[in-house]
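Okay, so here's the structure we're looking at.
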Amino acid sequence: MIKSNLRKILFAFIAIIFVFSITSSVFATDATGNTIILNTVETENTVSTPETNDDSVYANTSLEVVENNVCTINVGDYGEFTKQITEYNASEKSVTLTLTMTNLKTVEESQKDVEIFFVIDNSSSMLQTYEDTTRKQSVINSADSLIGKLFASNPKVKVGIVGFSSLDSAQGQTEGTINDAQLISDLTNSETEVEQALTSLSNLEVGPRTNIDAGLTIAQNNFSDEENIDRYIILLTDGVPNNTTTGISMTYSGEVTTVTRSRIESIENSGISIIGAMINLDSEKEEPTTHKTYRELSEEIFGTEENSTLTQYFYIPDDEIENTIVNDIFDSLIIRTDNTLRNITITDYFPQEIIDNFDFEYVASPNIGTVSQEINAENNSITWNIELLSEGETATLSYKLTLKEDYDQNIIDVVLPTNTHVDITGETPDGEIDKTSDVSPTIVVKYEKPAEPENPVDNTIIPDTKLPQTGQTVAWFLVIATVLVAVMGGRMLILNKEKHNNDNNK
Numbered sequence: 003m004i005k006s007n008l009r010k011i012l013f014a015f016i017a018i019i020f021v022f023s024i025t026s027s028v029f030a031t032d033a034t035g036n037t038i039i040l041n042t043v044e045t046e047n048t049v050s051t052p053e054t055n056d057d058s059v060y061a062n063t064s065l066e067v068v069e070n071n072v073c074t075i076n077v078g079d080y081g082e083f084t085k086q087i088t089e090y091n092a093s094e095k096s097v098t099l100t101l102t103m104t105n106l107k108t109v110e111e112s113q114k115d116v117e118i119f120f121v122i123d124n125s126s127s128m129l130q131t132y133e134d135t136t137r138k139q140s141v142i143n144s145a146d147s148l149i150g151k152l153f154a155s156n157p158k159v160k161v162g163i164v165g166f167s168s169l170d171s172a173q174g175q176t177e178g179t180i181n182d183a184q185l186i187s188d189l190t191n192s193e194t195e196v197e198q199a200l201t202s203l204s205n206l207e208v209g210p211r212t213n214i215d216a217g218l219t220i221a222q223n224n225f226s227d228e229e230n231i232d233r234y235i236i237l238l239t240d241g242v243p244n245n246t247t248t249g250i251s252m253t254y255s256g257e258v259t260t261v262t263r264s265r266i267e268s269i270e271n272s273g274i275s276i277i278g279a280m281i282n283l284d285s286e287k288e289e290p291t292t293h294k295t296y297r298e299l300s301e302e303i304f305g306t307e308e309n310s311t312l313t314q315y316f317y318i319p320d321d322e323i324e325n326t327i328v329n330d331i332f333d334s335l336i337i338r339t340d341n342t343l344r345n346i347t348i349t350d351y352f353p354q355e356i357i358d359n360f361d362f363e364y365v366a367s368p369n370i371g372t373v374s375q376e377i378n379a380e381n382n383s384i385t386w387n388i389e390l391l392s393e394g395e396t397a398t399l400s401y402k403l404t405l406k407e408d409y410d411q412n413i414i415d416v417v418l419p420t421n422t423h424v425d426i427t428g429e430t431p432d433g434e435i436d437k438t439s440d441v442s443p444t445i446v447v448k449y450e451k452p453a454e455p456e457n458p459v460d461n462t463i464i465p466d467t468k469l470p471q472t473g474q475t476v477a478w479f480l481v482i483a484t485v486l487v488a489v490m491g492g493r494m495l496i497l498n499k500e501k502h503n504n505d506n507n508k
């Protein structure tokens, strides 16, 4: 019985020692008595990957340009539209796209060869004053300003000056002939020469009567014979003609009207355009011999503003001399070919992936025209309107696309076009335009997973408290256990021997 119990006790101690020696964890306590895991030994090394949050995804994301395709739309021979990536910012994960619309025509191509004669009334009625300036001088000053605008707009323009009036026969002049007009300056493209001619006209003696026929004839006879030239006569007068080059003088209406009107029609039919201004003509005062108002006599020759025998005609008061001559007559002259592009509308349509995953902002306002302030949510587009685009002008517009931090990760490695298509409508000198293109610069979002470390990461938290030496603890435990086993083993042998002796004594 004793032997059996000792065996059980011995077996238990051996088992405790075995378990203690093979356990995978050794414990120690710190100064406060808290138990701390010191070491973990595993049969197989494993690495755990932490869950990736949005910030780390964005930090390891890059934006790349796949192909900087240039979206190009040609507008005949007049213009060209382009859209392309002009800047890429890797750290910002953004691309800048620039839209341009260019008028391909040059100013030189639009300038025409033009000849213009100013035929200016020098009769005595032109000496009437308005605001301390004679009508004659107001007309000459305005003509000078108009000529300055003409040369500034087209250096190919040539200008000549003719003055007309009639002098009394008693002064030895031949009234009612071509001599009632004077060529003050032949055609020239020198602004200085024209200004000198106008000064000469200012100082020229005036005559009592008006021979418009003579002035128109002098101008017509002094145009060049060159082909492909636009020709104009600008007639500036304040009175109805009362003589002609046929010898008829000092009479209104009748033959004077017929001859002057015929001269106008002949000149217009020859390809020379006449633009005239009748200044301060009284629409109520009657001419004594005909009992017609001066306005009625004028309309027999020149017609009305709405239905004129001239290319264009103006009836103006003294206070409108400058504006009519400098601006209205200038607008009536065609000294340039119209190569202007008008009412251009450019619509840029974005894919939904761009709308959802990129922030949009304009880099700067367009240098010409206006653009919608934000993307149209109904059709994902912006619209750029250009009212006028003159020869050689280039309109530009730039915007930036920046990847959002919370972008949809399903677009990673997907090639993204920056537009579905671009539409252009508008007008050229040849007619309306309506064109589209689906060519687009493309980009791609890339994600690079962070590299895994070569060795397992020890995530054990170890406080600064100095810990006991766990190896020594195990050794002392084994020594004590061994001594106990030895003592118990010896005790068991003594007990067995005593039992044996007792059995023999019986």
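For the sequence shown, this note's numbering begins at 3 and goes up steadily by one.
Here a beta-carbon is modelled for each residue, glycine too, at the ideal position from N, C-alpha and C.
Only a predicted model underlies this, so the values are computations on that prediction, with no experimental measurement involved.
Taking the Cβ atom as the reference point for each residue, do residue i and residue j lie within a distance shorter than 8 Å?
| i | j | result |
| --- | --- | --- |
| residue 447 | residue 63 | yes |
| residue 263 | residue 125 | no |
| residue 254 | residue 289 | yes |
| residue 159 | residue 191 | yes |
| residue 407 | residue 90 | no |
| residue 348 | residue 424 | yes |
| residue 271 | residue 115 | no |
| residue 418 | residue 363 | no |
| residue 128 | residue 208 | yes |
| residue 196 | residue 161 | yes |
| residue 430 | residue 343 | yes |
| residue 105 | residue 392 | yes |
| residue 95 | residue 420 | no |
| residue 218 | residue 269 | yes |
| residue 291 | residue 299 | no |
Using the Cα positions of residue i and residue j, report the straight-line distance between them to the nearest angstrom.
| i | j | result |
| --- | --- | --- |
| residue 273 | residue 440 | 48 Å |
| residue 336 | residue 256 | 34 Å |
| residue 121 | residue 248 | 19 Å |
| residue 371 | residue 438 | 20 Å |
| residue 149 | residue 240 | 20 Å |
| residue 400 | residue 303 | 58 Å |
| residue 54 | residue 402 | Interpretation of residue 54 is limited by its pLDDT of 46, a score under 50 that renders its predicted location unreliable; the figure taken from the coordinates is listed afterwards. Between residue 54 and residue 402, the C-alpha separation is close to 29 Å. |
| residue 385 | residue 378 | 9 Å |
| residue 225 | residue 189 | 8 Å |
| residue 78 | residue 427 | 13 Å |
| residue 327 | residue 375 | 42 Å |
| residue 99 | residue 58 | 28 Å |
| residue 368 | residue 398 | 6 Å |
| residue 283 | residue 390 | 38 Å |
| residue 151 | residue 320 | 21 Å |
| residue 345 | residue 433 | 12 Å |
| residue 517 | residue 358 | Nothing about residue 517 can be reported from this structure: the residues present for the chain run from 3 to 508 only. |
| residue 252 | residue 312 | 24 Å |
| residue 416 | residue 103 | 30 Å |
| residue 383 | residue 235 | 51 Å |
| residue 223 | residue 301 | 26 Å |
| residue 351 | residue 69 | 18 Å |
| residue 233 | residue 119 | 8 Å |
| residue 317 | residue 214 | 16 Å |
Let me check one thing: in DSSP terms, what residues is residue i bridge-paired to?
| i | result |
| --- | --- |
| residue 423 | 351 |
| residue 67 | 445 |
| residue 406 | In DSSP, residue 406 forms no bridge with anything. |
| residue 413 | Bridge partners of residue 413: none, in fact. |
| residue 209 | 125 |
| residue 397 | 103 |
| residue 428 | 435 |
| residue 378 | 383 |
| residue 169 | Answer is none; residue 169 lacks a bridge partner. |
| residue 373 | 386 |
| residue 305 | 310 |
| residue 418 | 445 |
Starting from residue i, trace the beta strand (DSSP E) both ways and give me its first and last residue.
| i | result |
| --- | --- |
| residue 316 | 314–318 |
| residue 233 | 232–239 |
| residue 509 | Nothing in the structure corresponds to residue 509, since the chain is present only between 3 and 508. |
| residue 77 | 73–77 |
| residue 387 | 383–391 |
| residue 190 | 183–190 |
Which residues bound the alpha helix (DSSP H) around residue i?
| i | result |
| --- | --- |
| residue 205 | 193–205 |
Under a CB-based cut-off of 8 Å, is residue i close to chain D?
| i | result |
| --- | --- |
| residue 421 | Reference to chain D is not applicable here, since this structure consists of a single protein chain. |
query: Unbroken beta strand (DSSP E) runs of length 3 or more, entirely within the stretch 324–367: which are they?
result: 343–351 and 360–366
- request: Please go through the stretch 81–166 and give each complete alpha helix (DSSP H) segment of 4 or more residues, from N-terminal end onward.
  value: 109–112 and 137–155
field: Within the stretch 220–300, ranges of the beta strand (DSSP E) (whole runs, at least 3 residues)
entry: The beta strand (DSSP E) runs of length 3 or more contained entirely in the stretch 220–300 are, from start to end of the chain, 232–239 and 274–281.
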